[in-house]
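Q: Below you will find the structure I want to go over with you.
2 protein chains.
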Amino acid sequence: MKETGDNWPSDLKKTKPRQGVLSVLEDAQGPLSAREICSELGKRGESAWLSTVYRILELFVKRGVAVKAAVMSNETALYELNRAQHKHYAICLGCHKIMPLNNCPLEKFVPKLEDEDFHVTGHNLEVYGYCGRCALK
Amino acid sequence: MKETGDNWPSDLKKTKPRQGVLSVLEDAQGPLSAREICSELGKRGESAWLSTVYRILELFVKRGVAVKAAVMSNETALYELNRAQHKHYAICLGCHKIMPLNNCPLEKFVPKLEDEDFHVTGHNLEVYGYCGRCALK
DNA sequence: ATTACTGCAAAGCATTTGCAGACTG
DNA sequence: CAGTCTGCAAATGCTTTGCAGTAAT
Numbered sequence: 001m002k003e004t005g006d007n008w009p010s011d012l013k014k015t016k017p018r019q020g021v022l023s024v025l026e027d028a029q030g031p032l033s034a035r036e037i038c039s040e041l042g043k044r045g046e047s048a049w050l051s052t053v054y055r056i057l058e059l060f061v062k063r064g065v066a067v068k069a070a071v072m073s074n075e076t077a078l079y080e081l082n083r084a085q086h087k088h089y090a091i092c093l094g095c096h097k098i099m100p101l102n103n104c105p106l107e108k109f110v111p112k113l114e115d116e117d118f119h120v121t122g123h124n125l126e127v128y129g130y131c132g133r134c135a136l137k
Numbered sequence: 138m139k140e141t142g143d144n145w146p147s148d149l150k151k152t153k154p155r156q157g158v159l160s161v162l163e164d165a166q167g168p169l170s171a172r173e174i175c176s177e178l179g180k181r182g183e184s185a186w187l188s189t190v191y192r193i194l195e196l197f198v199k200r201g202v203a204v205k206a207a208v209m210s211n212e213t214a215l216y217e218l219n220r221a222q223h224k225h226y227a228i229c230l231g232c233h234k235i236m237p238l239n240n241c242p243l244e245k246f247v248p249k250l251e252d253e254d255f256h257v258t259g260h261n262l263e264v265y266g267y268c269g270r271c272a273l274k
């Protein structure tokens, strides 16, 4: 007798902060930082401590619920739900808008590395530049 | 009447810490963190303060002498000389060995993005995994 | 002599950790 | 009830900043 169609990860205890973080991630338009998630929770009247959000994100990443999507130039990590499809982003240095890339330039590349005696488990890519709007300034 | 074949960047004041950082970078086998540069300077009897090393690296990056080559998972930035050729690295999660990649998987990719109204100024890529030696463990 | 650079200390951020009380299953 | 999770505070690690004395041109 589950509530709404919630796909809660198997054996995780269902606590308010965890459900909050999950739903914020579900509603997100793009990848979010821990701080953003935290203040979004605040707006929803369900505040959770920042350290708790970090712990939850760590847990979610470990369980494959979420992924660390990118790391901005100021060393801030951005998270999003793991939609089982590998994504990368272009980040505008002007307005910080985040644009998803349509495909991963590494797809053809990784197999070559495997030949060279390196077993690839993951990678991280961010593209920086200016979006159409900011390029004009 | 220059000393040794030193290619000192145009208008930069030649100070001991700067020359030290430059020579450490010149001798480096791979990208180094600020801390590593600092302790390498120490070994050479030319200690410089960590904050100074950061300031010098920032300056070098601004002048195009060096580049921020990668950012490790613990948020530590690695620097190396700007050899005018774009490089990426594969980082072994076991032994932290750093292997340079032979070519950039984004070369063919960037032009496509330019078409989509995004002006690319740079990108950041790290590949994680295990080297041949560590994969066996 | 000027101006820029460095040593040093202290601040800033993002993230992590320790602990006791609160809550889940 | 037992074990896990959270609120909270404090610590950590990388990097930046402020300032006064020092060195380079």
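From first to last, the protein sequence lines are chains A and B. So for the first sequence, this note's numbering puts the first residue at 1; every next one is plus one. So for the second sequence, this note's numbering puts the first residue at 138; every next one is plus one. Each residue gets a CB set at the ideal place from its N, CA and C atoms; glycine is no exception. Since this is a predicted model, take the numbers as computed values, not measurements.
The segment 203-230 of chain B: which residues have C-beta closer than 8 Å to a C-beta of chain A, in chain order?
A: Flagged, chain order: VAL208, GLU212, ALA227, CYS229, LEU230.
Q: What are the residues of the segment 238-267 of chain B that lie near chain A, defined by any Cβ-Cβ distance shorter than 7 Å?
A: Residues passing the 7 Å Cβ filter: PRO242, LEU243, PHE246, LEU250, ASP254, PHE255, HIS256, VAL257, THR258, GLY259, HIS260, ASN261, LEU262, GLU263, VAL264, TYR265, GLY266, TYR267.
Q: Could you pull out every residue in the same chain whose Cβ sits closer than 6 Å to the Cβ of CYS38(A), ignoring the five residues on either side in sequence?
A: By 1-based counting over the first sequence, the position of residue 38(A) is 38. For CYS38(A), where only same-chain residues beyond five positions count, the Cβ hits under 6 Å are LEU50, VAL53.
Q: When DSSP labels each residue in this structure, what does CYS38(A) get in the three-state scheme?
A: Walking along the first sequence from the start, residue 38(A) turns up at place 38. In this structure, CYS38(A) counts as helix in the three-state DSSP scheme.
Q: Just to make sure I have the definition right: I need the residues of chain A whose C-beta is within less than 7 Å of the C-beta of ALA272(B). Which are they?
A: By one-based count along the second sequence, residue 272(B) stands at place 135. Those are HIS119, listed as they occur along chain A.
Q: Return the Cβ separation of LEU153(A) and HIS123(A) in integer angstroms, given the expectation that the two are a contact with Cβ distance under 8 Å.
A: Residue 153(A) is absent from the structure shown; chain A starts at 1 and stops at 137.
Q: So which residues of chain A does GLY167(B) contact, with C-beta pairs closer than 8 Å?
A: One-based indexing of the second sequence puts residue 167(B) at position 30. Under the 8 Å cutoff, chain A gives no residues; its nearest Cβ is about 15 Å from GLY167(B).
Q: Starting from GLY179(B), find everything on chain A with Cβ-Cβ shorter than 9 Å and list it in chain order.
A: The count along the second sequence starts at 1 and reaches residue 179(B) at position 42. Neighbours of GLY179(B) on chain A: none; closest Cβ ~26 Å, over 9 Å.
Q: Cα separation between LEU238(B) and LYS13(A)?
A: Start at 1 with the first residue of the second sequence, and residue 238(B) comes out as number 101. Start at 1 with the first residue of the first sequence, and residue 13(A) comes out as number 13. Roughly 42 Å separates the two Cα atoms.
Q: Counting Cβ pairs closer than 8 Å, one from the segment 81-100 of chain A and one from the segment 205-217 of chain B, do we hit at least three?
A: Counting Cβ pairs under 8 Å, fewer than three are found: no touch.
Q: Leaving out five residues on either side along the sequence, give the residues of the same chain with a beta carbon under 7 Å from the beta carbon of TRP8(A).
A: Residue mapping note: residue 8(A) aligns to position 8 of the first sequence, counting from 1. Around TRP8(A): LYS14.
Q: Helix, strand or coil: which one does DSSP assign to ALA272(B)?
A: What you label residue 272(B) is simply residue 135 of the second sequence in a count that begins at 1. Three-state DSSP puts ALA272(B) in a helix.
Q: Using the three-state DSSP reduction, which class does PHE255(B) fall into: helix, strand or coil?
A: Here residue 255(B) refers to the residue found at position 118 of the second sequence. It is a strand residue.
Q: Quick one: which chain A residues come within Cβ less than 7 Å of GLY201(B)?
A: The count along the second sequence starts at 1 and reaches residue 201(B) at position 64. Simply none; closest approach about 16 Å.
Q: Between the Cα of GLY269(B) and those of CYS232(B), SER170(B), GLN156(B), spot the shortest distance and give me the residue it belongs to.
A: Here residue 269(B) corresponds to residue number 132 of the second sequence, with the count starting at 1. Ranking the options by Cα distance to GLY269(B), first place goes to CYS232(B).
Q: Taking only the alpha-carbon atoms, compute the straight-line gap between THR258(B) and GLU26(A) and give it to the nearest angstrom.
A: In the second sequence, counting from the first residue as 1, residue 258(B) sits at position 121. In the first sequence, counting from the first residue as 1, residue 26(A) sits at position 26. Spanning the two alpha carbons is a distance of roughly 31 Å.
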